[in-house]
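For the sequence shown, our numbering gives the first residue as 45, with consecutive numbering after it.
Working notes, beginning with the structure itself.
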Amino acid sequence: MPSVYIKTYGCQMNERDSEAVAAQLVAHGYTLAKSEHVADVVILNTCSVRDNAEKSALGKMSAMIGLGRKARPGQFFGFMGCMAQSRGKELIDRLPDVDLVLGTQKFHRAAEYIDDLIAGRRNKIVDTDAETGSESTIREHLFSDSRKASVTGFVSIMQGCNQYCTFCIVPYTRGEERSRPVLEIVDECQQLVSGGVREITLLGQIVTSYGKHDIPKLNGKTAFVQLIEAVHEIEGLNRIRFTSPHPKGYGDDLVEAYARLPKLAAHAHLPLQSGSDRVLKLMHRGYDRKRYLEIIRKLRAACPDIGITSDIIVGFPGETEEDFEQTLSLCREVEFDNAFLFKYSARRDTPAASMPDQLPESLIEERHARLLGLINEIGARKYDAFVQQLVRILVEGTSKKNSARMMGRTSCNKIVLFDGAERHRGQIMDVRITRVGSFTLYGDPAIVNL
Ligand code: SAM
């Protein structure tokens with residue numbers, strides 16, 4: 045049977061989409077190749093959030109086609125995901141050797157289309173149409189022998205975004221918010237847990253908006269909190285995480301869930317984007333500095349050990365030195381455990397791309413370096429405070445960088461490395477922290493199997 049290699053750019057949702065497509069192809073008899081060099085079919089799952097991600101995928105595809113057509117004449121090439129959705133046929137006009145362009149609502153058609161291409165029934169396929177019910181098609185998981193041992197699982201609970209932040213391309217590439225039914229999600233989570241998964245991350249573009257349009261509030265609880273409660277019931281599941289949320293989703297019902305539901309991991313990722321009210325308004329974020337700080341205060345009151353991380357954009361059009369200082373001061377006040385910093389990247393068709401006062405690259409670079417320095421300094425202080433402490437971790441597997449070490453994660457989302465063995469995989473252990481690396485803790489196991 046033909047072999048397929050899928051390379052993924054971007055977020056955890058893209059990783060999950062790739063896994064679902066890979067599982068679909070395996071179910072159709074395809075095998076998974078280890079690299080593009082030995083695959084009959086190569087698919088790039090793309091990201092459009094920033095220009096760099098698009099450029100990397102385009103560069104990779106042209107390099108592969110250059111090599112592939114010479115080294116492996118009958119090889120097929122495809123794009124899927126956000127860039128496939130936003131650029132469609134334009135990708136084939138630009139790279140005529142590309143055979144398939146699969147939009148974000150068409151992943152479940154991958155096997156059918158690749159079969160058609162290989163059999164010669166069709167030549168070029170571009171499908172970026174909307175499809176009702178496509179949110180429920182990202183459900184297959186890879187249960188190969190190695191996947192069976194997987195401790196963490198990811199479940200896509202919804203697709204799309206209705207927030208329309210002025211910088212963001214996602215509503216145009218993923219469409220309107222569409223949520224899967226609770227029972228369908230719980231069933232998928234249950235299957236993962238039966239296969240050995242101990243921690244589940246619920247995924248969505250704005251995951252906290254889950255079910256907003258079809259599931260009414262119950263006893264003051266949003267559909268998202270109702271879903272967390274339903275997943276919480278699953279026996280054998282130890283932890284629940286979710287990404288990526290929006291601060292507007294952190295109502296009192298969700299804040300209170302951290303104190304009430306022991307399986308809900310003590311971690312909140314709260315994308316801030318900017319500390320300036322003026323910029324937040326231009327971004328169409330729907331909260332201000334005061335509201336953001338209030339959420340943080342409530343979360344820390346409900347769950348004192350909570351880890352708080354964020355996304356911040358540097359250099360939004362018109363960002364003044366004073367606006368940027370507001371971001372620095374908010375970071376000092378909140379003391380994030382870590383934050384992903386993004387240099388503003390103009391995306392076509394977004395309102396911010398045509399706003400006046402686009403900042404020069406050099407200024408964005410300079411501010412990015414200053415903010416990174418602050419985030420690293422605060423992070424180092426926070427991580428240092430763990431030395432000599434006993435922390436409880438769920439062991440996920442071997443360390444990516446050193447296979448002699450095992451890697452686990454605290455509930456508050458700190459990575460802990462320790463000298464362990466394969467038998468620790470999937471165990472909950474108490475570990476004494478002995479030293480600290482860059483956003484990493486090193487520990488000495490004090491094994492307490494629960
Ligand atoms: N739920 C998240 C939120 O509340 O905004 C959105 C997740 S988004 C897919 C991931 C991150 O990419 C955003 O939080 C933002 O910081 C960054 N991002 C999105 N568009 C961007 C752009 N045009 N330039 C730079 N960074 C961007």
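Backbone N, C-alpha and C fix where the C-beta goes; we use that ideal spot for every residue, glycine too.
- For F462 and L385, the gap between their C-alpha atoms comes out near 28 Å.
- A distance criterion of 7 Å places the beta-carbon of P117 beyond contact range of ligand 1, judged by its closest non-hydrogen atom.
- The beta carbon of H276 sits closer than 6 Å to those of L305 and K307, all from its chain and outside the five residues before and after it, given in chain order.
- The C-beta of T364 has fewer than 16 other C-beta atoms within 10 Å across all chains shown, which makes the residue exposed.
- Between ligand 1 and the CB of C126, the shortest heavy atom gap is not smaller than 7 Å.
- With respect to the 8 Å criterion, E80 and T90 are not classified as neighbours on the basis of their beta carbons.
- With a threshold of 16 other beta carbon atoms within 10 Å, Y157 meets it and is buried.
- Per DSSP, Y216 lies in no beta strand (DSSP E); the unbroken alpha helix (DSSP H) holding it starts and ends at V214 to R218.
- Put simply, the backbone Cα of M57 is about 10 Å away from that of I182.
- Taking every protein chain shown into account, the CB of K458 has 16 or more other CB atoms within 10 angstroms, so this residue is buried.
- Take the alpha-carbon of A310 and the one of A413: they are about 29 Å apart.
- Within the stretch 222-309, the runs of beta strand (DSSP E) at least 3 residues long that lie entirely inside it are, in chain order, 243-247 and 283-287.
- The criterion of a C-beta distance shorter than 8 Å is not satisfied by F120 and I169.
- Residue environment analysis places N282 among the buried positions, since at least 16 neighbouring C-beta atoms fall within 10 angstroms of its C-beta.
- Looking only at R333, S180 and V93, the smallest Cα-Cα distance to T210 is reached by V93.
- Ligand 1 approaches S389 closely enough that one of its heavy atoms is under 7 Å from the residue's Cβ.
- When rounded, the separation of the alpha-carbon atoms in G470 and R425 is 29 Å.
- With at least 16 other beta carbons inside 10 angstroms of its own, Y388 counts as buried.
- Rounded to whole angstroms, the separation of the alpha carbons of L227 and D143 is 37 Å.
- Around the beta-carbon of H152, 16 or more other beta-carbon atoms lie within 10 Å, marking it buried.
- Annotation: the continuous beta strand (DSSP E) that includes G197 extends over T196 to S200.
- For Q149, the Cβ stays outside the 7 Å cut-off from all heavy atoms of ligand 1.
- For the options E232, M127, K104 and G219, the alpha carbon positioned closest to that of N206 is the one of G219.
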